[in-house]
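Peer 1:
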Amino acid sequence: MPIQEVEKIWMNGTLVDWGEAKIHVLTHALHYGSGVFEGIRCYKTSKGAAVFRLRDHMMRLMDSGKLYFMKIPYSVEELCKATKDLIRVNKLSGCYIRPIAYRGYGEMGLNPLKNPIDVAIAAWPWGAYLGEEGLKKGIRIKTSSFQRISPNVLPPLAKATGQYANSILAKVESLNAGYDEALMLDYRGYVSEGPGENIFVVKGDVLYTPPEHASILKGITRDSVMTLAMDLGYQVLERDMTRASLYLADELFFTGTAAEVTPIREIDNYSIGAPGPITREIQAKFFEVTKGGDERYKAWLDHVYP
80 MPIQEVEKIW MNGTLVDWGE AKIHVLTHAL HYGSGVFEGI RCYKTSKGAA
130 VFRLRDHMMR LMDSGKLYFM KIPYSVEELC KATKDLIRVN KLSGCYIRPI
180 AYRGYGEMGL NPLKNPIDVA IAAWPWGAYL GEEGLKKGIR IKTSSFQRIS
230 PNVLPPLAKA TGQYANSILA KVESLNAGYD EALMLDYRGY VSEGPGENIF
280 VVKGDVLYTP PEHASILKGI TRDSVMTLAM DLGYQVLERD MTRASLYLAD
330 ELFFTGTAAE VTPIREIDNY SIGAPGPITR EIQAKFFEVT KGGDERYKAW
380 LDHVYP
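Position one of the sequence shown corresponds to residue 80 (the working numbering), numbered consecutively onward.
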């Protein structure tokens, strides 16, 4: 989906014009993938624009930086304020937000420690990542031949720029095969996640999702959906799963900041069918919460306009 330009991007504490948000061609992160980032959504609510779980995202950005020996030169509070300032100056009512911290221009080579840590935040209008049709009717996915990175290769708990080469290969493979998205297995052959999404299986009245040791990124949307599902009265279990257990699922869906709650109607030519009632209930509750319709979860929303 093309990026829709807005007026300003926040870079190292300054709001700069969209077209002037540039880096040097010898920036370390461009060559070695030495950066960490987040994906965040801001939703239009009855009380104006509100960022969903903003502080949790910025805390995870800090954790990702720590795993890569990057000391981000701003506090969580400063990054949260900068995000809201950016949304206000661009007059956005709903948007996708991309904070990134990366090793900048200074030295070349595999020792990155003397390079500066630059930080930027961009925000722009962005619709459904896997398509509005996908949200309504579900998507088709394919198990990838590319294995999800294992914990002793790179830290899956970090949302790091270079690690997403792994996801890109899986994504492109699935697209080239005529599918909408990929499913990745971990180093043991168990279900891990999508290229940019966590996965949930519904069997009976129980929801299953892979655990941390299955090389997943611990998604903030995943955590939100687990909470919502339990509050709706469903049991949610983290457990290892095989491909075959997904083929026999009653319902399947992906979660993620970009994907939100996207039903899966087919996997590896096994039909799961139209989005089921539990997926629909959780999807509806998720969108109700993100748009400020349930006061019980108001702490998840960070309002932009006083």
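Each residue gets a CB set at the ideal place from its N, CA and C atoms; glycine is no exception.
What residues are listed by DSSP as bridge partners for Cys121?
Peer 2: Cys121 pairs with Val130 and Cys174.
Peer 1: How is the alpha helix (DSSP H) around Ser271 delimited, first residue to last?
Peer 2: Element bounds for Ser271: not the alpha helix (DSSP H) but the beta strand (DSSP E), Val270 to Glu272.
Peer 1: By the three-class DSSP mapping on this structure, what secondary structure does Ala293 have?
Peer 2: helix
Peer 1: Mind checking Glu374: buried by the 16 CB within 10 Å criterion, or exposed?
Peer 2: exposed
Peer 1: Check whether the region 254-266 and the region 218-227 are in contact - that is, three or more C-beta pairs closer than 8 Å.
Peer 2: yes
Peer 1: Does DSSP put Pro195 in a helix, a strand or coil?
Peer 2: coil
Peer 1: Under 8 Å between the Cβ atoms of Arg134 and Glu117?
Peer 2: No. Outside cutoff.
Peer 1: Using CA atoms only, rank isn't needed, just tell me which of Val280, Gly273, Tyr266 and Lys87 is closest to Asp329.
Peer 2: Val280
Peer 1: Would you mind working out which of Val340, Ser350, Leu380 and Ala237 sits nearest Gly112, comparing C-alpha positions?
Peer 2: Ala237
Peer 1: Note down the Cα distance separating Trp205 from Gln83, rounded to an integer number of angstroms.
Peer 2: If you take the alpha carbons of Trp205 and Gln83, they lie about 8 Å apart.
Peer 1: Out of Leu264, Leu316 and Arg267, state which residue places its alpha-carbon closest to the alpha-carbon of Lys282.
Peer 2: Comparing Cα-Cα distances from Lys282 to each of Leu264, Leu316 and Arg267, the minimum goes to Leu316.
Peer 1: If we call anything under 8 Å between Cβ atoms a contact, is Gly371 one with Ser125?
Peer 2: Result yes, Cβ atoms of Gly371 and Ser125 sit closer than 8 Å.
Peer 1: Please classify Lys87 as buried or exposed, where buried requires at least 16 other C-beta atoms within 10 Å of its C-beta.
Peer 2: buried
Peer 1: Determine the closest residue to Asp347 out of Asp310, Ile357, Ser223 and Ser229, with distance taken between C-alpha atoms.
Peer 2: Ser223
Peer 1: Can you tell me which of Val251, Ser271, Ile357 and Glu157 puts its alpha carbon nearest to the alpha carbon of Met309?
Peer 2: The residue among Val251, Ser271, Ile357 and Glu157 with its C-alpha nearest the C-alpha of Met309 is Ile357.
Peer 1: Between the region 331-342 and the region 292-303, do at least 3 Cβ pairs fall closer than 8 Å?
Peer 2: yes
Peer 1: Please return the same chain residues whose Cβ sits closer than 8 Å to the Cβ of Lys150, not counting the five positions on each side in sequence.
Peer 2: Gly144 and Ile196
Peer 1: Since Asp319 and Pro289 are thought to touch, with beta carbons under 8 Å apart, how far apart are those beta carbons, to the nearest angstrom?
Peer 2: 7 Å
Peer 1: Who are the near neighbours of Arg182 in its chain, counting only those whose CB is closer than 6 Å to its CB and skipping five residues on each side?
Peer 2: His107, Ala108, Ser113, Pro191 and Asn194
Peer 1: At the level of alpha carbons, what is the spacing between Pro235 and Arg167?
Peer 2: 33 Å
Peer 1: Closest by CA to Ile278, which one among Gly268, Arg267 and Met263?
Peer 2: Met263
Peer 1: Taking only three categories from DSSP, how would you classify Lys221?
Peer 2: strand
Peer 1: Closest to Met137 by CA distance: which of Lys123, Tyr153 and Ala128 is it?
Peer 2: Tyr153
Peer 1: Taking 7 Å as the limit between beta carbons, can you name the residues of its chain near Leu95, skipping five residues before and five after?
Peer 2: Sequence inspection shows Val at residue 95; the Leu mentioned does not correspond to that position. If the five residues before and after Val95 are omitted, its C-beta is found closer than 7 Å to the C-beta atoms of Lys87 and Ile88, all from its own chain and listed in chain order.
Peer 1: For Phe279, which residues does DSSP report across the bridge?
Peer 2: Phe332
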